[in-house]
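Going by my numbering, the first residue of the sequence shown is number 38, and it counts up by one from there.
Glycine is no exception: its CB is placed at the ideal position from the N, C-alpha and C atoms.
Just so you know, these numbers come straight off a predicted model, no measurement behind them.
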Amino acid sequence: MTDQTPIDDVSVGGEAIRLGQFLKFAGILDTGGDVKTVIADGLVDVNGEVDRRRGRQLQQGDVVGFEGRRFRVCP
Numbered sequence: 038m039t040d041q042t043p044i045d046d047v048s049v050g051g052e053a054i055r056l057g058q059f060l061k062f063a064g065i066l067d068t069g070g071d072v073k074t075v076i077a078d079g080l081v082d083v084n085g086e087v088d089r090r091r092g093r094q095l096q097q098g099d100v101v102g103f104e105g106r107r108f109r110v111c112p
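Structural data, given as structure tokens:
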């Protein structure tokens, strides 16, 4: 079964961005504290798999999921 949740494209203006930075840059979360908490609690996934590393390098095309929404990293 494929996920039918729409994906919002987020242009980061470069090749790569860290997961924690992306969550704030995209307006998904407001503070670094919020980012740290949701990632540590396993509430964020990257390409369908939970990732607990704020510093994970996201690449163009990666899809981040949080609270039923999905966001694709775009240049």
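Requested in this report: Please determine, among F103, L95, Q96, P112, the residue with the shortest C-alpha to C-alpha distance to A77.
Outcome: Counted from its first residue, the sequence shown places residue 77 at position 40. Minimum Cα distance to A77 is reached at F103.
**Report entry** R107 versus V101 - alpha carbon distance
**Finding:** Along the sequence shown, read from residue 1 onward, the residue named residue 107 stands at position 70. Along the sequence shown, read from residue 1 onward, the residue named residue 101 stands at position 64. For R107 and V101, the distance between alpha carbons rounds to 6 angstroms.
Query - Inter-residue spacing [alpha-carbon to alpha-carbon] between R55 and G105 - result: For the purposes of this step, residue 55 is identified with residue 18 of the sequence shown, where counting begins at 1. For the purposes of this step, residue 105 is identified with residue 68 of the sequence shown, where counting begins at 1. Rounded to whole angstroms, R55 to G105 spans 21 angstroms at the Cα level.
Query raised in the report: Looking at the structure shown, is A77 part of a helix, part of a strand, or coil, going by DSSP?
Result: Position 40 of the sequence shown, counted from the start, is the residue given in the question as residue 77. Helix.
Requested in this report: Could you tell me the boundaries of the alpha helix (DSSP H) in which L60 lies?
Outcome: Locating residue 60 in the sequence shown gives position 23, counting from the first residue. Note, L60: alpha helix (DSSP H), 56–62.
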